[in-house]
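Protein chains in written order, with my numbering: chain D, 1 to 370; chain B, 371 to 740. Think of the CB as a built atom: it goes at the ideal place given N, C-alpha and C, for glycine as much as any other residue. The structure displayed is predicted, hence computed values, not measured ones. Each remark here refers to the structure printed beneath this line.
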């Protein structure tokens, strides 16, 4: 059977690492010791195989394990289960990376729009995109709509819900989406720019699908979801069931998983269908390093036939004065998500949004477009 | 608004902990600094509030934060999002515990069967239950069915799929369930005991629901699921949509989440509907301590009106000779999951299953029943 490769980083002493690697290989495949397996075919084709062990430093090893791709099949949740399900319970191991047969990536299908598709939605050329957030939760739909309208009046490309906005009793999804989509549409008519509203979807698969249906009735082309909360299988299902919709992936519950962020937020979210992947930017209120951020962006954007490329979307506590440096770091194929720094402007919200948008557009002038 | 309480353990120096606690309270609610919130009602009712900070030891603090219960509503995934969504990205924080208004727990509904319901399914009195596993993955349905039949011939109470058994192309769910359910039914007719087969369900919500439908056609009363892979909202949805089905919760992907296992595998899985909760037993190939295992069992079994009680199901690398000690540790309200230790018996599989079952039944003789 064809193999995928799971790459783990394992804390171990040198004397134990070979046995530890074999134990992981069995745990993530047959979950039995070889002496309890009475099928030659299973031992040969399905039991995980240790392909390489490399010492990275004192007490730290990288272990490559080949796993039968057919054990994951075409189910995103089952793929995660096979890569890390039980081993996630053993805290000496981090899932560092994974390599997949090309047919597997093609089966999951990747993004519907990709980087160039997102640019078309907002009519942007070869520049970074902008994204702002509507919050705080607790506001009634009309006030969230008013905020969305004021951000749209500033010409921001995408205006997304805060990831805490669900379908709460005090502020229902349907009312919020009507209010925000209406306000953004109205403001866009004034500016002549193609600002899009991106509602957050939540709940179980069928509730989330119904929310996408409501969004489509409002002419919405992009939604945000939290794949680690929705469940990866459900996220991938929605992406495939709604090929006309772009999906922003939010990392909630994704950082605690002891899975390297470039693999989870870059490679896996892309494979399962994220058009944009939001992640905590370096230097903000979260703790990712510049190297991790760069690696996430690389995984999202690198050529990986036949998948479209995913827009990296650094976020989190990003003051406006840091924008030029961040744009230099990521280049034009990125989308800046600025939330609280804009909303703190109060009465000057639209003016600050205009200033942000102008700063981003001008940063790439001469680079082909605005 | 009514508050739930999230309890975090935070690594911090004493000088910073107050500011850090306030930052977590904002992150898990409004996700904005107070100066960017222009609604008195949101500041008063929705912004998280630090209720208490206690020093546990040098550099380690326990922080209690009140969060508006309405921000989670009746959606299990959204509840996890509000408790830990963004803060999961910050590795100085563990979600340690949570307290919920009783109406919230009642809304999620808890287990369909609970401990006494599971005992009725297998006709057991006041004793611990037994559970064995069908594996390895890679075997064709007929061979998995034969294994299930040989375990059932030994009188084991529940025979569950390995959590790696999904709907793989080489061994489809429908065929496996027919083979295993048929073999277990046949063996039970011989023994006169009420052995149940517990298939593993997987995929997105609708695929999982369809698998439950197939299982019901075979007369099956219990299924296993991985709530952290399926997504908590989808798990809770299935429990409520299939009130005649018992649900075994498997902890795959649940250990890496930096959420204390008693909260996740005990309290939360119970609230969302687990009739049995499987967790890595102390002293096995996983790394939970006896204290953690005891705490999981306590959360699963303690009185919590109006929820039924959840059967703790310790598992993982448990040799037969440890059984009496484990039974003394957990008492009669537990279900022992013995996988590889039985399957390694080869030709003596049924004989070993008989011995295990007898050991468990006799351990509690005189305690009211067998």
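Tell me whether residue i sits in a helix, a strand or coil according to DSSP, three-state version.
{"i": "residue 599 (chain B)", "result": "helix"}
{"i": "residue 682 (chain B)", "result": "strand"}
{"i": "residue 650 (chain B)", "result": "strand"}
{"i": "residue 392 (chain B)", "result": "helix"}
{"i": "residue 245 (chain D)", "result": "coil"}
{"i": "residue 382 (chain B)", "result": "coil"}
{"i": "residue 181 (chain D)", "result": "helix"}
{"i": "residue 675 (chain B)", "result": "coil"}
{"i": "residue 436 (chain B)", "result": "strand"}
{"i": "residue 642 (chain B)", "result": "helix"}
{"i": "residue 55 (chain D)", "result": "strand"}
{"i": "residue 28 (chain D)", "result": "coil"}
{"i": "residue 544 (chain B)", "result": "helix"}
{"i": "residue 586 (chain B)", "result": "helix"}
{"i": "residue 49 (chain D)", "result": "strand"}
{"i": "residue 414 (chain B)", "result": "helix"}
{"i": "residue 403 (chain B)", "result": "coil"}
{"i": "residue 369 (chain D)", "result": "At residue 369 (chain D), the pLDDT of 46 sits below 50, so the modelled position is not reliable; the number obtained from the coordinates is stated separately. It is coil, neither helix nor strand."}
{"i": "residue 689 (chain B)", "result": "coil"}
{"i": "residue 75 (chain D)", "result": "coil"}
{"i": "residue 38 (chain D)", "result": "coil"}
{"i": "residue 299 (chain D)", "result": "helix"}
Select from the options the residue whose C-alpha is nearest the C-alpha of residue i.
{"i": "residue 649 (chain B)", "options": "B:707, B:674 and B:676", "result": "B:707"}
{"i": "residue 560 (chain B)", "options": "B:519, B:581, B:536 and B:592", "result": "B:519"}
{"i": "residue 676 (chain B)", "options": "B:398, B:472, B:418 and B:443", "result": "B:472"}
{"i": "residue 137 (chain D)", "options": "B:678, B:426, B:593 and B:443", "result": "B:443"}
{"i": "residue 111 (chain D)", "options": "D:362, D:313, D:245 and D:264", "result": "D:245"}
{"i": "residue 432 (chain B)", "options": "B:440, B:465, B:687 and B:734", "result": "B:465"}
{"i": "residue 643 (chain B)", "options": "B:668, B:606, B:651 and B:568", "result": "B:606"}
{"i": "residue 9 (chain D)", "options": "D:240, D:354, D:301 and D:83", "result": "D:83"}
{"i": "residue 530 (chain B)", "options": "B:721, B:406, B:683 and B:699", "result": "B:683"}
{"i": "residue 540 (chain B)", "options": "D:282, D:219 and D:71", "result": "D:71"}
{"i": "residue 344 (chain D)", "options": "B:420, B:521 and B:401", "result": "B:401"}
{"i": "residue 250 (chain D)", "options": "B:456, B:557 and B:374", "result": "B:456"}
{"i": "residue 727 (chain B)", "options": "B:412, B:525, B:671 and B:409", "result": "B:525"}
{"i": "residue 458 (chain B)", "options": "B:538, B:579 and B:398", "result": "B:398"}
{"i": "residue 475 (chain B)", "options": "B:698, B:674, B:376 and B:703", "result": "B:674"}
{"i": "residue 483 (chain B)", "options": "B:419, B:679 and B:568", "result": "B:679"}
{"i": "residue 599 (chain B)", "options": "D:208, D:12, D:16 and D:75", "result": "D:75"}
{"i": "residue 7 (chain D)", "options": "D:147, D:14, D:25 and D:16", "result": "D:25"}
{"i": "residue 496 (chain B)", "options": "B:415, B:697, B:388 and B:691", "result": "B:697"}
Which residues of chain D have a Cβ atom closer than 9 Å to the Cβ of residue i, listed in chain order?
{"i": "residue 691 (chain B)", "result": "Neighbours of residue 691 (chain B) on chain D: none; closest Cβ ~17 Å, over 9 Å."}
{"i": "residue 401 (chain B)", "result": "133, 135, 136, 137, 162, 163, 164, 339 and 340"}
Mind listing the chain D neighbours of residue i? Cutoff is C-beta to C-beta under 7 Å, in chain order.
{"i": "residue 482 (chain B)", "result": "Residues of chain D passing the Cβ test: none, with the nearest at roughly 17 Å."}
{"i": "residue 604 (chain B)", "result": "204, 205, 231 and 234"}
In the DSSP assignment, what residue or residues form a beta bridge with residue i?
{"i": "residue 570 (chain B)", "result": "B:594"}
{"i": "residue 629 (chain B)", "result": "B:465"}
{"i": "residue 61 (chain D)", "result": "D:10 and D:55"}
{"i": "residue 237 (chain D)", "result": "Answer is none; residue 237 (chain D) lacks a bridge partner."}
{"i": "residue 538 (chain B)", "result": "B:541"}
{"i": "residue 373 (chain B)", "result": "B:438"}
Could you list which residues in chain B have their beta carbon closer than 8 Å to that of residue i, in chain order?
{"i": "residue 37 (chain D)", "result": "506"}
{"i": "residue 247 (chain D)", "result": "What residue 247 (chain D) touches in chain B: nothing, since even the nearest Cβ is about 15 Å away."}
{"i": "residue 268 (chain D)", "result": "Near residue 268 (chain D) there are no residues of chain B at all, since even the closest Cβ is about 13 Å away, more than 8 Å."}
{"i": "residue 46 (chain D)", "result": "506, 507 and 508"}
{"i": "residue 206 (chain D)", "result": "575, 576 and 607"}
With 8 Å set as the bound, which would you pick, yes or no: does the beta-carbon of residue i sit closer than that to a beta-carbon of chain A?
{"i": "residue 596 (chain B)", "result": "The structure shown contains no chain A; the protein chains it does contain are D and B."}
Taking Cβ-Cβ distances shorter than 8 Å, what residues in chain D pair up with residue i?
{"i": "residue 380 (chain B)", "result": "Neighbours of residue 380 (chain B) on chain D: none; closest Cβ ~13 Å, over 8 Å."}
{"i": "residue 623 (chain B)", "result": "80, 81, 84, 85, 88 and 257"}
{"i": "residue 650 (chain B)", "result": "89"}
{"i": "residue 743 (chain B)", "result": "Residue 743 (chain B) is absent from the structure shown; chain B starts at 371 and stops at 740."}
For a contact defined as C-beta to C-beta under 7 Å, what are the partners of residue i on chain B?
{"i": "residue 168 (chain D)", "result": "440, 441 and 443"}
{"i": "residue 42 (chain D)", "result": "506, 508 and 509"}
Strictly below 9 Å CB to CB, what residues from chain B border residue i?
{"i": "residue 287 (chain D)", "result": "459, 460, 461 and 462"}
{"i": "residue 346 (chain D)", "result": "405, 406 and 408"}
For a test of your reading of the model: does the CB of residue i fall under 7 Å from any non-hydrogen atom of the ligand SAM? Yes or no.
{"i": "residue 361 (chain D)", "result": "Only the bare structure without any ligand can be found here, which leaves the ligand SAM out of the picture."}
Original post:
Can you list the alpha helix (DSSP H) stretches of 4 or more residues lying completely in the segment 705-736 of chain B, in chain order?
Top reply: 710-713 and 719-733
Subject >> Uninterrupted alpha helix (DSSP H) stretches inside the segment 79-166 of chain D (no shorter than 4 residues) >> reply: DSSP runs (the alpha helix (DSSP H)) wholly in the segment 79-166 of chain D: 102-108, 114-122 and 141-153.
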